[in-house]
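Residue numbers (the UniProt record's numbering): 1 to 413.
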Amino acid sequence: MLFPRDDNITIPDGWTKSGIDSGDWPFTIVMTTPLADPLIDRLLKRVNDPLVPLISLLPDDRDWFDASGPGCWEQALAITERLEKLPEQIRNSANPEDIILARLHSRDADMTASYNTTQPGMVSYAALGGRLDAPAEAANKLVQRDCLSRSFFDRLHICPQCRGSALNVREECHACRSPQIDEQAIVHHFRCGYEGLEKTFKRSDGGLQCPQCNDMLRHIGLDYDKPGSAIECQSCNSINDTPAIGFVCMGCRAWHDAAQMPVRDWFSYKMTPAGTRTLLAGGVGELAPPDRSDTFKLILQQALQHETAFQTPFQVLRGVFAGDAATQTHNLRLASRTEDLVMDVLRSALRPVDTVTRHDNGVLILLPHMDREGIEPVIAEIEQRMSEVVRTDPGLRLDILSRREAEQLLEEL
Ligand SMILES: [Zn+2]
Ligand SMILES: [Zn+2]
Ligand SMILES: [Zn+2]
Numbered sequence: 001m002l003f004p005r006d007d008n009i010t011i012p013d014g015w016t017k018s019g020i021d022s023g024d025w026p027f028t029i030v031m032t033t034p035l036a037d038p039l040i041d042r043l044l045k046r047v048n049d050p051l052v053p054l055i056s057l058l059p060d061d062r063d064w065f066d067a068s069g070p071g072c073w074e075q076a077l078a079i080t081e082r083l084e085k086l087p088e089q090i091r092n093s094a095n096p097e098d099i100i101l102a103r104l105h106s107r108d109a110d111m112t113a114s115y116n117t118t119q120p121g122m123v124s125y126a127a128l129g130g131r132l133d134a135p136a137e138a139a140n141k142l143v144q145r146d147c148l149s150r151s152f153f154d155r156l157h158i159c160p161q162c163r164g165s166a167l168n169v170r171e172e173c174h175a176c177r178s179p180q181i182d183e184q185a186i187v188h189h190f191r192c193g194y195e196g197l198e199k200t201f202k203r204s205d206g207g208l209q210c211p212q213c214n215d216m217l218r219h220i221g222l223d224y225d226k227p228g229s230a231i232e233c234q235s236c237n238s239i240n241d242t243p244a245i246g247f248v249c250m251g252c253r254a255w256h257d258a259a260q261m262p263v264r265d266w267f268s269y270k271m272t273p274a275g276t277r278t279l280l281a282g283g284v285g286e287l288a289p290p291d292r293s294d295t296f297k298l299i300l301q302q303a304l305q306h307e308t309a310f311q312t313p314f315q316v317l318r319g320v321f322a323g324d325a326a327t328q329t330h331n332l333r334l335a336s337r338t339e340d341l342v343m344d345v346l347r348s349a350l351r352p353v354d355t356v357t358r359h360d361n362g363v364l365i366l367l368p369h370m371d372r373e374g375i376e377p378v379i380a381e382i383e384q385r386m387s388e389v390v391r392t393d394p395g396l397r398l399d400i401l402s403r404r405e406a407e408q409l410l411e412e413l
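Next comes the structure, spelled out in structure tokens:
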């Protein structure tokens, strides 16, 4: 399919022209002139097939294109030949994990991360052709399934408000956070002991005049020295030893202190032999999270029985990530990292006999042989460790479940 349509283009042997709705598969979209990103995006949404190759007759190194310039027809042909051999399920799968496997296989490519300033996250994967919204999340799931292996690419700060990584890192005044600051030398007059910013000394020919004793300072090392420097704000005149560090998000304009800035690790990915096998066997299939609640269910069942039979008390804590709704929806990337940290903290704060599992938007904790009095210090301990270890407050709220609630929970699991 030629886009935009151009009847003067000679099609190589073996190719036929077709329209978008012709029903032929696989086909190739051939871009005859360079188009702006939004137009390409719209076209691809219309085609609505993340596997279809897109080539450009003119050289173009944007992620969209599988190939461009001379030789692009041959490369597209190679891709379509590999696509034709894929199982039907994979071709029609809307699961991002399947799409990644199918694209890497058909493009015979790795999912290599590179910086891309056209993306809010500042990183993209050319092999995916801009067809997936959150490729790293899906790729990380494939790593868990051993279908991909990954290697570290880079760690980027992300804006806590919009999750973007287009950030300006700057030195600022501690008092008013203006970036308009200057470093000034400090001058120390030996004879009278006065120490102050160099600009407080009047400069006259041959030296500096001490503002305290009016003596002239002529020889550094003999009359005076410069023991260091200070940061002076041009905006509010405050003076500090060091500048503060602040981040300004160029996406949403929010300002953040360096200490509040979460980071995100990016990886490059490679298909493993298991990945190829999964692909050729039809893909990972429906998006169903692996069921981790099973063991928890059994243990909870047992705890309830033991309490009834032997009066051995147990406690169940339900933890919910209670960040605001906006954070939760935009939060997926950060959330998984933060939640991993939270799980680490929980495991370290609990006894080896306690069980932790993820559940809905939070966690479940079962503490056998524990009465109501014993649980409060445990919660305090968890909260303490959490504040020490987890930099971005995950807003985890822990509730103690009553026996009735624990029984209800058993029904839900
Ligand atoms: Zn932002
Ligand atoms: Zn002096
Ligand atoms: Zn200031």
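A virtual CB, placed ideally from N, CA and C, is assigned to each residue, including glycine.
For residue i, the residue or residues it bridges with in DSSP
i    : result
C233 : I181
E171 : I245
M216 : Q209
Q315 : L367
K202 : Q209
A113 : Y125
M31  : F3, S56
Residue i Cβ short of 7 Å to ligand 2 heavy atom set
i    : result
Y115 : no
R218 : no
Distance between residue j and residue i (C-alpha atoms, nearest Å)
i           : j    : result
I9          : V342 : 58 Å
G319        : I158 : 25 Å
A185        : S114 : 42 Å
C233        : G121 : 32 Å
L409        : P313 : 17 Å
D61         : M250 : 25 Å
D257        : A175 : 12 Å
G129        : T118 : 13 Å
K141        : A76  : 29 Å
R203        : N168 : 37 Å
D154        : W266 : 5 Å
N124        : L35  : First, the residue type needs correcting, since residue 124 is Ser and not Asn in the sequence shown. Each residue's alpha carbon lies about 20 Å from the other.
G374        : P352 : 16 Å
residue 423 : I181 : One cannot answer for residue 423 here, as it falls past the ends of the chain, which runs 1 to 413.
I239        : D223 : 25 Å
A406        : V316 : 7 Å
D110        : N48  : 23 Å
D225        : R218 : 11 Å
N361        : P368 : 23 Å
E411        : T355 : 18 Å
K85         : A78  : 11 Å
P160        : M261 : 7 Å
Q89         : A166 : 38 Å
P70         : L83  : 22 Å
E183        : G228 : 10 Å
L43         : F27  : 14 Å
K45         : P4   : 16 Å
G193        : V187 : 10 Å
N17         : A127 : According to the sequence as given, residue 17 is Lys; it is not Asn. So the two alpha carbons sit approximately 25 Å from each other.
V284        : R358 : 22 Å
L398        : V263 : 25 Å
D24         : G275 : 28 Å
Residue i: CB within 7 Å of a non-hydrogen atom of ligand 3
i           : result
S178        : yes
C72         : no
residue 448 : With the chain represented from 1 up to 413, any question about residue 448 goes unanswered, as that position is not in the structure.
C236        : yes
residue 414 : Limits of the chain in this structure are 1 at one end and 413 at the other, which puts residue 414 out of reach.
Any non-hydrogen atom of ligand 1 within 7 Å of residue i CB
i    : result
L303 : Checking the sequence shown, residue 303 turns out to be Ala, not Leu. Outside the cutoff, so no.
>> Taking 7 Å as the limit, name every residue whose beta carbon sits nearer than that to some heavy atom of ligand 2, in sequence order.
In response: H189, R191, C192, Y194, C210, Q212, C213, D215
>> Residues around ligand 1, please: the ones whose beta-carbon is closer than 6 Å to some heavy atom of it, in chain order.
In response: C159, Q161, C162, G164, C249, G251, C252, A254
> What are the uninterrupted segments assigned as beta strand (DSSP E) that are 3 or more residues long and contained completely in the stretch 366-412, given in chain order?
Replying inline: 396-401
>> In chain order, what are the residue ranges of uninterrupted beta strand (DSSP E) at least 3 long that sit wholly in the stretch 240-285?
In response: 244-249, 255-257, 263-271
> Considering only residues of the stretch 64-90, which uninterrupted alpha helix (DSSP H) runs meet the minimum length of 4 residues and lie entirely inside it, listed in chain order?
Replying inline: 72-84
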